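See structure below.
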Amino acid sequence: MRSVEVAEVKGLKKMAANWQRAANGLRAGYRWFTGGQSLRVTGSRGKAGRSPMFYGAVAAAGVVAGYSVVSVAAAEAELHPPKYAWSHKGLLSALDHQSIRRGYLVYKEVCSACHSMQYISFRNLVGVSHTENEARVLAEEYEYPGDNDEEGNPTTRQGKISDAFPNPYPNDEAAKFANNGALPPDLSLVVLGREGEDDYIFSILTGYFDPPEGVEVREGMAYNPYFPGGVIAMPQQLFLDSVEYEDGTPATVSQMAKDVTTFLRWASEPYHDDRKRIGFKVIMVTSVLALVAFYWKRRVWSVLKSRKIVYYSKGS
Amino acid sequence: MAFGNAVYNALFRRTSTFALTAVLGGVVFERWYSSWSDSMWERINRGKLWKDIAHNYEEADE
Numbered sequence: 000m001r002s003v004e005v006a007e008v009k010g011l012k013k014m015a016a017n018w019q020r021a022a023n024g025l026r027a028g029y030r031w032f033t034g035g036q037s038l039r040v041t042g043s044r045g046k047a048g049r050s051p052m053f054y055g056a057v058a059a060a061g062v063v064a065g066y067s068v069v070s071v072a073a074a075e076a077e078l079h080p081p082k083y084a085w086s087h088k089g090l091l092s093a094l095d096h097q098s099i100r101r102g103y104l105v106y107k108e109v110c111s112a113c114h115s116m117q118y119i120s121f122r123n124l125v126g127v128s129h130t131e132n133e134a135r136v137l138a139e140e141y142e143y144p145g146d147n148d149e150e151g152n153p154t155t156r157q158g159k160i161s162d163a164f165p166n167p168y169p170n171d172e173a174a175k176f177a178n179n180g181a182l183p184p185d186l187s188l189v190v191l192g193r194e195g196e197d198d199y200i201f202s203i204l205t206g207y208f209d210p211p212e213g214v215e216v217r218e219g220m221a222y223n224p225y226f227p228g229g230v231i232a233m234p235q236q237l238f239l240d241s242v243e244y245e246d247g248t249p250a251t252v253s254q255m256a257k258d259v260t261t262f263l264r265w266a267s268e269p270y271h272d273d274r275k276r277i278g279f280k281v282i283m284v285t286s287v288l289a290l291v292a293f294y295w296k297r298r299v300w301s302v303l304k305s306r307k308i309v310y311y312s313k314g315s
Numbered sequence: 000m001a002f003g004n005a006v007y008n009a010l011f012r013r014t015s016t017f018a019l020t021a022v023l024g025g026v027v028f029e030r031w032y033s034s035w036s037d038s039m040w041e042r043i044n045r046g047k048l049w050k051d052i053a054h055n056y057e058e059a060d061e
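Chains as they are written, first to last, in numbering that gives the first Met the number 0: chain A, 0 to 315; chain H, 0 to 61.
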């Protein structure tokens with residue numbers, strides 16, 4: 000009994016020392032991460048204060064550049080979107096639902112003329128941006144193919160709240176034919192489906208310019224440096240006051256682009272808010288539990304880890 | 000330490016009461032933690048959630 004107690008005290012001491020070491024390591028890492036002094040290579044201020052990793056990366060890049068022939072053609076020089084300060088960007092930031100509501104209006108009045116959203120139905124708007132009655136009224140504005148009548152002729156019926164947003168074209172061929180041979184992609188998942196996500200969608204919608212010298216833009220096409228290749232089959236869609244917002248927000252081009260992008264972000268991730276809210280809960284609880292489990296494991300093992308087996312001879 | 004001993008003797012000493020304490024403690028903690036973290040979420044995101052704007056549109060329903 001006594002010896003076990005001694006062993007346990009030893010184990011606990013060792014444990015304390017390890018904790019100390021771990022804390023020092025964390026502190027050093029934190030200082031490096033926040034740009035403190037400890038891991039810096041040079042002492043001077045400003046951009047000279049880089050981490051060793053930075054120099055490693057520069058050296059590696061130099062080696063690669065030395066061995067490869069770099070060629071840049073105008074068509075490959077695509078413009079990457081800047082990073083915008085979306086109000087839903089933070090780890091604990093919800094989507095702005097007023098913006099989703101405005102964004103739906105932009106989709107409905109502008110984009111839905113060419114783009115389908117087959118994975119979103121009117122009922123999905125309920126409790127997100129619209130009330131149930133509003134969603135029902137929106138659905139009833141559209142007609143869908145219905146049952147055949149008794150003579151076998153196809154009929155149409157009024158939209159129901161459970162219907163997906165309607166496709167503006169009967170099929171892909173018709174969609175291409177109407178759009179210079181380019182298929183307007185379904186927008187349900189487009190935010191997750193493009194590199195740059197919200198930033199890219201916003202940039203595409205606001206990034207129309209006169210083509211630079213030497214870039215040929217055919218009839219019906221438009222120049223947009225954010226689009227890979229630079230020439231897009233979707234001409235500029237948003238102009239000042241393209242829609243009239245019911246909440247009185249001025250419908251500038253960037254306002255509409257921001258709202259429709261927020262709406263499309265929601266469409267791509269309808270679970271966005273729950274993901275962050277519940278993710279926070281889970282991570283908080285499990286990190287506390289992980290610490291407890293770690294401590295408990297050390298405690299249970301301390302007896303075994305700090306024991307000493309001594310052999311001695313009975314004779315002599 | 001008296002309190003600790005009392006808790007130990009009353010709750011953790013016997014497996015049956017230990018298990019009961021764990022289950023009930025879990026339920027009570029979850030209720031509290033859930034409402035605490037939800038209210039924090041709503042405080043951080045005040046004005047952005049549907050709950051904050053719904054009243055503008057629900058009146059029109061009636």
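C-beta atoms are modelled at their ideal positions from N, C-alpha and C, and glycine is treated no differently.
Everything numeric in this text was worked out from a predicted model, so none of it was measured.
Have a look at residue i and residue j and give me their C-alpha separation to the nearest angstrom.
i: PHE226 (chain A); j: SER33 (chain H); result: 44 Å
i: TYR83 (chain A); j: GLU133 (chain A); result: 32 Å
i: TRP295 (chain A); j: TRP35 (chain H); result: 27 Å
i: GLN157 (chain A); j: PRO183 (chain A); result: 25 Å
i: SER161 (chain A); j: GLY278 (chain A); result: 29 Å
i: ALA21 (chain H); j: SER15 (chain H); result: 10 Å
i: GLU243 (chain A); j: ALA250 (chain A); result: 7 Å
i: ARG44 (chain A); j: GLU194 (chain A); result: The pLDDT assigned to ARG44 (chain A) is 41, lower than 50, so where the model puts this residue is not dependable; a value taken from the coordinates is nonetheless given after this. Each residue's alpha carbon lies about 35 Å from the other.
i: ASN44 (chain H); j: HIS114 (chain A); result: 31 Å
i: GLU196 (chain A); j: HIS54 (chain H); result: 31 Å
i: MET220 (chain A); j: SER253 (chain A); result: 21 Å
i: CYS110 (chain A); j: ARG264 (chain A); result: 15 Å
i: ALA159 (chain A); j: GLU140 (chain A); result: Going by the sequence as given, residue 159 (chain A) is Lys instead of Ala. Taking the straight line joining both Cα atoms gives about 9 Å.
i: LYS307 (chain A); j: TRP300 (chain A); result: 14 Å
i: GLU77 (chain A); j: ARG30 (chain H); result: 52 Å
i: ARG217 (chain A); j: ILE231 (chain A); result: 10 Å
i: ASN4 (chain H); j: VAL125 (chain A); result: 54 Å
i: PRO153 (chain A); j: TYR168 (chain A); result: 17 Å
i: MET233 (chain A); j: LYS175 (chain A); result: 12 Å
Looking at the secondary structure, which residues open and close the beta strand (DSSP E) in which residue i lies?
i: TYR143 (chain A); result: 142 to 147
CB residue i to CB residue j, shorter than 8 Å?
i: TYR143 (chain A); j: LEU188 (chain A); result: no
i: PRO269 (chain A); j: ASN147 (chain A); result: no
i: MET255 (chain A); j: SER241 (chain A); result: yes
i: ARG101 (chain A); j: ASP258 (chain A); result: yes
i: LYS275 (chain A); j: ALA93 (chain A); result: yes
i: SER120 (chain A); j: TYR103 (chain A); result: no
i: PHE2 (chain H); j: PHE11 (chain H); result: no
i: ILE99 (chain A); j: THR261 (chain A); result: yes
i: PRO80 (chain A); j: TYR199 (chain A); result: yes
i: LEU186 (chain A); j: MET116 (chain A); result: yes
i: ASP246 (chain A); j: LYS47 (chain H); result: no
Since residue i sits in a beta bridge, which residues does DSSP pair it with?
i: ARG156 (chain A); result: A:TYR143
i: ALA221 (chain A); result: A:ILE231
i: SER120 (chain A); result: A:ALA163
i: VAL125 (chain A); result: A:HIS129
By the DSSP assignment, the alpha helix (DSSP H) with residue i in it spans what residues?
i: SER111 (chain A); result: Where SER111 (chain A) is concerned, there is no enclosing alpha helix (DSSP H), given that its DSSP letter is neither H nor E.
i: MET255 (chain A); result: 252 to 267
i: HIS271 (chain A); result: 271 to 304
i: VAL242 (chain A); result: First-last for VAL242 (chain A): undefined, no H or E at that position.
i: TYR207 (chain A); result: Careful: TYR207 (chain A) lies outside any alpha helix (DSSP H) and carries neither H nor E.
i: TYR310 (chain A); result: Element bounds for TYR310 (chain A): n/a, residue is neither H nor E.
i: MET0 (chain H); result: Element bounds for MET0 (chain H): n/a, residue is neither H nor E.
i: LYS175 (chain A); result: 171 to 177
i: ARG42 (chain H); result: 14 to 43
i: VAL216 (chain A); result: First-last for VAL216 (chain A): undefined, no H or E at that position.
* Asked: Which residues, taken in chain order from the region 126 to 160 of chain A, show a beta carbon closer than 9 Å to some beta carbon of chain H?
  -> GLY126, VAL127, SER128, HIS129, THR130, GLU131, ASN132, GLU133
* **Interface positions of the region 73 to 103 of chain A facing chain H (Cβ-Cβ less than 9 Å), listed along the chain** => SER86, HIS87, GLY89, LEU91, SER92, ALA93, LEU94, ASP95, HIS96, GLN97, SER98, ILE99, ARG100
* Looking at chain H, which residues of the region 277 to 288 of chain A have a Cβ within less than 8 Å of any of its Cβ atoms? -> PHE279, LYS280, MET283, VAL284
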